[in-house]
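The block underneath contains the structure these notes are about, expressed in structure tokens.
Numbering (our numbering), first residue to last: 8 to 403.
What follows is the structure, given as structure tokens:
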């Protein structure tokens with residue numbers, strides 16, 4: 008590495024091409040023209056490697072982030088296909104070939120936007136670190152706020168030193184954000200490694216990808232007890248420690264749930280299109296009723312939805328019984344919306360307690376809402392219910 012007023016340029020050892028620039032977070036005048044990141048027509052996930060002032064990144068950080076991007080692509084895109092969705096992209100990330108040109112076939116190194124903070128480690132321990140990291144990356148790499156998702160990975164030093172306050176969410180300034188720790192063991196990551204055990208557990212791999220899920224607008228979605236998933240966790244479910252505490256056993260693997268897949272499938276990044284304005288449609292839900300299922304197992308929510316400006320694709324339902332050990336365990340269900348606006352969602356693993364249902368819909372433009380005012384689960388229609396004598400009924 009060599010320092011310059013404009014920042015610190017990092018080169019890949021193998022390709023000997025510049026793939027990232029660690030830009031100084033201060034507003035000091037640059038000696039050279041500011042670096043430019045790849046400008047793309049479609050929305051992508053942008054990776055920011057954020058180092059506090061005085062902390063040097065690992066020399067093999069590019070290898071680590073390449074492996075993390077490969078793992079995440081495999082986990083999410085393969086998960087979508089397992090639920091019958093065909094992604095419109097080969098990679099969620101901006102990737103470049105050995106000459107720095109963007110690729111669209113899922114190959115190449117992931118583009119890394121490196122940023123050095125204005126302050127030392129002690130200032131960067133909270134999730135709001137992402138604000139400085141993203142703003143600095145946009146400024147120094149000359150990127151507009153056009154709806155990309157931002158995955159900020161903070162490097163404080165080698166283990167056990169780490170950034171520990173992982174978070175993620177949406178933003179009115181850009182499509183979404185998430186922040187997690189950069190673990191210097193990431194170059195050892197392999198696609199076949201379990202996300203919830205071994206080195207994956209030690210590096211908090213599930214937590215890293217989980218927070219990126221929040222950037223995509225995914226809520227917490229817990230595991231079901233269906234036989235093929237009995238010893239499995241969901242990406243958006245509880246962390247490994249709490250899974251073991253509640254379930255009474257450790258878990259090895261994780262998967263992308265059906266509800267997560269339904270929401271991701273319509274997202275512009277997954278479809279490979281620009282974010283555009285992403286305005287929410289006007290939504291009206293009517294005729295909601297709880298019905299016994301044909302098998303007598305749980306219950307079903309039926310209703311009708313009308314939307315102005317877009318036709319709903321799927322209905323997504325979160326079941327939040329009062330007996331739930333926490334929101335990370337809420338089971339979710341998906342059903343198609345008919346041409347007439349009708350839908351019926353069987354809740355096949357209902358708990359014998361009162362609770363609340365949260366209902367929203369997916370739309371072709373990437374919108375997810377139930378009330379037309381807020382996105383995703385935050386914009387859900389809430390339906391309280393009661394349980395008595397083996398039956399679930401809507402609460403009046």
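Cβ atoms here follow ideal geometry from the backbone N, Cα and C, with glycine treated the same way.
Point to revise | Which listed residue (203, 314, 147, 333) has its alpha carbon closest to that of residue 371 | key: Ranking the options by Cα distance to residue 371, first place goes to 314.
Check your understanding: From which residue to which residue does the alpha helix (DSSP H) around residue 405 run?
Key -> Residue 405 falls outside the range modelled here, since the chain spans only 8 to 403, and no answer is possible.
Check your understanding: Which same chain residues, not among the five before or five after residue 217, have their C-beta less than 7 Å away from its C-beta?
Key -> Correct list, in chain order: 242, 243.
Check your understanding: Which first and last residues belong to the beta strand (DSSP E) in which residue 349 is found?
Key -> Run containing residue 349: 349-354, per the beta strand (DSSP E) assignment.
**Study point:** Alpha-carbon to alpha-carbon, residue 187 and residue 34
**Key:** With a pLDDT of only 36 at residue 34, under the threshold of 50, the placement of this residue in the model should not be trusted, and no figure is reported.
Review point. Does any residue of chain B bring its CB to less than 8 Å from the CB of residue 319?
Key: Note that chain B does not occur in the displayed structure, where there is just one protein chain.
Point to revise | Beta-carbon separation (whole angstroms), residue 160 vs residue 83, contact threshold 8 Å | key: Not really, about 17 Å apart at Cβ, beyond 8 Å.
Exercise for review: Could you check how far apart the C-beta atoms of residue 300 and residue 293 are, in whole angstroms? I think they sit under 8 Å.
Suggested key: Actually they are not in contact, since the Cβ atoms of residue 300 and residue 293 sit about 22 Å apart, beyond 8 Å.
Exercise for review: Starting from residue 140, follow the alpha helix (DSSP H) in both directions and report where the run begins and ends.
Suggested key: From DSSP, the alpha helix (DSSP H) with residue 140 extends over 136-147.
Practice item. Rounded to whole angstroms, what's the CA-CA distance from residue 390 to residue 266? Just pull it up for me. Key: Roughly 18 Å between the two C-alpha positions.
Review point. Touch check for the region 318-327 and the region 338-353: three-plus C-beta pairs under 8 Å?
Key: Touching, yes.
Point to revise | Residue(s) in a DSSP beta bridge with residue 306 | key: Looking at the DSSP assignment, residue 306 forms a beta bridge with 299, 354.
Exercise for review: Locate the beta strand (DSSP E) running through residue 228, then write down its first and last residues.
Suggested key: Residue 228 -> no beta strand (DSSP E), and no H or E assigned at all.
Practice item. Please determine, among 268, 196, 198, 204, the residue with the shortest C-alpha to C-alpha distance to residue 228. Key: Answer by Cα proximity: 268.
Check your understanding: Which one or two residues does DSSP pair with residue 3 in a beta bridge?
Key -> The requested residue 3 does not occur in the structure, where the chain is confined to residues 8 to 403.
Check your understanding: Shortest alpha-carbon distance to residue 377 belongs to which of 171, 357, 333, 317?
Key -> Closest option to residue 377, Cα to Cα, is 317.
Review point. Using the C-alpha atoms, what's the distance from residue 249 back to residue 386?
Key: Looking at the two C-alpha atoms, the distance is approximately 27 Å.
Review point. Helix or strand or just coil, what does DSSP make of residue 313?
Key: Of the three classes helix, strand and coil, the one that applies to residue 313 here is strand, per DSSP.
Point to revise | Contact set for residue 115: own chain, Cβ-Cβ below 6 Å, skip 5 residues either direction | key: Scanning its chain for C-beta atoms nearer than 6 Å, with the 5 sequence neighbours on each side dropped, one finds around residue 115 the residues 102, 103, 104, in chain order.
**Study point:** Nearest neighbour of residue 226, chosen from 350, 351, 334, 85 [CA to CA]
**Key:** Answer by Cα proximity: 334.
Review point. Of all the options 44, 400, 52, which has the alpha carbon lying nearest to the alpha carbon of residue 77?
Key: Nearest in C-alpha terms to residue 77, of all of 44, 400, 52, is 52.
Review point. Terminal residues of the continuous beta strand (DSSP E) containing residue 121?
Key: DSSP places residue 121 inside the beta strand (DSSP E), whose first and last residues are 119-123.
Exercise for review: Round the Cβ separation of residue 65 and residue 191 to the nearest angstrom and send it over; I've been treating them as touching at under 8 Å.
Suggested key: The Cβ separation is near 5 Å, so the contact holds.
Practice item. Starting from the Cα of residue 320, find the closest Cα among 167, 155, 288, 88 and give me that residue. Key: The option with the nearest alpha carbon to residue 320 is 288.
**Study point:** Cβ shell of residue 282 (< 6 Å), same chain only, five flanking positions each side left out
**Key:** Around residue 282: 50, 154, 182, 275.
Exercise for review: Determine the extent of the beta strand (DSSP E) in which residue 241 is found, giving its start and end residues.
Suggested key: From DSSP, the beta strand (DSSP E) with residue 241 extends over 239-241.
Check your understanding: Does the pairing of the region 85-99 with the region 255-263 give three or more beta-carbon distances under 8 Å?
Key -> Counting Cβ pairs under 8 Å, three or more are found: they touch.
Check your understanding: First and last residue of the beta strand (DSSP E) that includes residue 57?
Key -> Taken as a continuous stretch (DSSP letters only), the beta strand (DSSP E) holding residue 57 covers 52-58.
Check your understanding: Who are the near neighbours of residue 141 in its chain, counting only those whose CB is closer than 6 Å to its CB and skipping five residues on each side?
Key -> Closer than 6 Å at Cβ, skipping near neighbours: 157.
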